[in-house]
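Each residue of the sequence shown is one higher than the last, beginning at 45 in the working numbering. Working notes, structure below.
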Amino acid sequence: MGLFTDTLKASGAQTTATTGSGKTMPYLGPGKAYIDVTAASGTAKTLGVWFEGRRTNSDNWAKLVTAGGTVISSPAITTTGSGTKGRTVYGGAIVDIPSIPNQIRYRSSHGGTSPSFTYSVVLEANQGPK
């Protein structure tokens, strides 16, 4: 048991929608995803990040939702916010994930004219007993 951290997306520039590769997780309870934007360019630019999960490699990916059916995602990041966890960044968001699935990945969308975002996505959760 203890704190578990995994990088779902290493910091890097993205100019189009992105689908991260799936990661298999150990048994985890609730967690948080930290989205840190260190650079951005374009006009009226926005970045949205959401999460998908599945139980096994043979299952289809599905958007993670809360008990109330709301998709678990970041608010639209326009790079006018503050960074997460005290990091010095251009902008970012912290996303609560009530239950980490066996496999998880992030997806993103970009809006605006010629948007480019340099960002990372890091998952943090307490590892529980099996």
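C-beta: ideal position from N, C-alpha, C; glycine also.
Contact between the segment 114-123 and the segment 65-72 (3+ Cβ pairs under 8 Å): At 8 Å Cβ cutoff, the stretches do not touch.
Leucine 91 lies in the beta strand (DSSP E); which residues open and close that run? Its beta strand (DSSP E) spans residues 72-98.
When DSSP builds the beta bridges, which residues end up paired with leucine 108? DSSP output for leucine 108 lists no bridge partner at all.
Over the uninterrupted beta strand (DSSP E) stretch that includes valine 139, give me the two end residues. 135-141
Boundaries (first-last residue) of the beta strand (DSSP E) holding aspartate 50: Bounds of the beta strand (DSSP E) holding aspartate 50 are 46-58.
Considering just the uninterrupted stretch of the beta strand (DSSP E) at asparagine 170, what are its terminal residues? 147-171
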